[in-house]
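Novice: Just passing along the structure, written as structure tokens.
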């Protein structure tokens, strides 16, 4: 995944990479979350895109176990 692909905010990419489900989260929402995250964390712009994308999604939508725990 490159930065341009990550910027589209594809929820399936995050689910595939992290194992976390983003039920009910739209493509537009993930895109906005990602763009805000890179605005807030410019120090990560040189990192691999999938890492930055995962960081953004995990910050906004933390994974929960089946018991509702983080």
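Residue numbers (the numbering used here): 78 to 147. Don't be surprised by glycine CBs; every beta carbon is placed ideally from N, CA and C.
Return the chain-ordered list of same chain residues with a C-beta closer than 7 Å to the C-beta of residue 144, the five sequence neighbours on each side being excluded.
Specialist: The predicted position of residue 144 is uncertain, since its pLDDT is 48 and thus under 50; no value can be drawn from it.
Novice: If I follow the unbroken alpha helix (DSSP H) through residue 121, where does it start and stop?
Specialist: Premise fails: residue 121 is in no alpha helix (DSSP H) and is neither H nor E.
Novice: Where residue 139 and residue 97 are concerned, what is the direct C-alpha to C-alpha distance, given to the nearest angstrom?
Specialist: Residue 139 and residue 97: Cα-Cα distance of roughly 8 Å.
Novice: Decide if residue 128 is buried, meaning its Cβ has at least 16 other Cβ atoms within 10 Å, or exposed.
Specialist: Burial call: exposed.
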